[in-house]
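This report concerns only the one structure given below.
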Amino acid sequence: MDLLLILTYTAICIAIFKIFNIPLNKWTVPTAILGGIFIVGALVLLMNYNHPYTPFAKEYFVTTPINPAVKGVVISVEVKPNTPIKKGEVLFRLDPTPFAAIVKQKRAALLAAE
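The numbering of the sequence shown is the working numbering, which starts it at 1184 and goes up by one.
Okay, structure coming up:
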């Protein structure tokens, strides 16, 4: 947008210099450049100040994060993408090997304690 404003101002300046036969000297060119800086700067500030804004954003895609209570390697995903799910439905299956090893270890510790 800024580039478009600068190019438009440059084209207008060139047209004015050609149409009115304004000489290119040490006063006219810097005046046109400084005028362009002020005009384009003012336009950019006004555009930034007047852009639409609201502190109340609306979510288009509401998502619910899914965090399991235990950590593990997922071995299969039981649901298909973009399908509704119900409460209690299995979403994915975790590798039971580490959990089975812990259960075996705890049972052995229990037997040793008795």
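Cβ atoms here follow ideal geometry from the backbone N, Cα and C, with glycine treated the same way.
One or two residues paired with residue i in a DSSP bridge
i     : result
V1260 : F1275
Of the residues the options, the one placed nearest residue i, counting alpha carbons only
i     : options                    : result
F1244 : N1265, P1238, Y1232        : N1265
I1197 : M1184, D1185, I1216        : I1216
I1256 : A1225, D1278, P1213, L1188 : At residue 1256 the sequence reads Val, which differs from the Ile that was named. The candidate whose alpha carbon is nearest that of V1256 is D1278.
D1185 : M1230, K1263, N1208        : M1230
T1280 : L1274, Q1288, K1270        : Q1288
T1214 : Y1232, V1253, T1246, T1193 : T1193
T1246 : K1254, I1268, P1235        : I1268
Within 9 Å, strictly: CB atoms of residue i and residue j
i     : j     : result
I1249 : R1276 : no
I1205 : T1211 : yes
E1272 : V1262 : yes
F1282 : V1253 : yes
L1207 : F1200 : yes
Nearest-angstrom Cβ-Cβ length linking residue i and residue j, presumed shorter than 8 Å
i     : j     : result
V1223 : L1188 : 5 Å
Residue i: CB within 8 Å of a non-hydrogen atom of the ligand FMN
i     : result
P1251 : The ligand FMN is not part of this structure, which contains no ligands at all.
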